[in-house]
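Numbering-wise (our numbering), the sequence shown opens with residue 1 and increments by one.
Quick reminder that beta carbons are idealized off the backbone N, C-alpha and C, glycines included.
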Amino acid sequence: TVRAKVSEIILAGSSGKVAISEAAQAGTPMDNASLTVETQASKYVEAVYYVPGADASHGAVVAVGKGDTKIAGAGVQFAGVLQSNGQVEWTCSAAPVAGSVTKAMEAKYLPASCK
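Structure representation (structure tokens):
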């Protein structure tokens, strides 16, 4: 199903969240353009990348789909905010159309945690 394919995209993006969270906890500002995540490309994942935030406490991990016309070019975004306790709080949503994201992910394919 399409939702299962989107789950694969979300899983790939989750590994990026871990890498960015660890870097932020180690003191790396989240607006650092040198922060990167490893792309976990697969049959339904085109790319995973990091978008630095406007300040040291914000950034986003974006995972982009492929392999099915309903998800190809659509992305899931994990927006992170560094909290005062050093933890990064993440929210999930459809990624805005920019960069590798060429179309909006339809909300009906996202899990409840990403709507």
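Which word fits residue i, buried or exposed, when buried means at least 16 other C-beta atoms lie within 10 angstroms of its C-beta?
| i | result |
| --- | --- |
| V97 | exposed |
| Q83 | exposed |
| A60 | buried |
| V18 | exposed |
| S21 | buried |
| Q77 | buried |
| G75 | buried |
When the Cα atoms are used, what is the spatial distance from residue i to residue j?
| i | j | result |
| --- | --- | --- |
| E89 | V81 | 5 Å |
| A72 | E106 | 11 Å |
| L110 | N32 | 29 Å |
| K70 | G16 | 23 Å |
| H58 | P29 | 8 Å |
| E8 | T36 | 20 Å |
| S34 | A112 | 32 Å |
Check each candidate in the options and name the one with the smallest Cα separation from residue i.
| i | options | result |
| --- | --- | --- |
| S121 | H58, P29, Y50 and T1 | One cannot answer for residue 121 here, as it falls past the ends of the chain, which runs 1 to 115. |
| E46 | C92, T102 and A26 | T102 |
| Q25 | T91, G86 and A95 | G86 |
| A95 | K115, K108 and V62 | V62 |
Practice task
Could you say if the stretch 60-67 and the stretch 37-44 meet the contact criterion of at least three C-beta pairs nearer than 8 Å?
Solution key: Touching, yes.
Problem - Unbroken stretches of the beta strand (DSSP E), 3 residues or longer, contained in the stretch 25-91 - result: 45-52, 58-65 and 75-82
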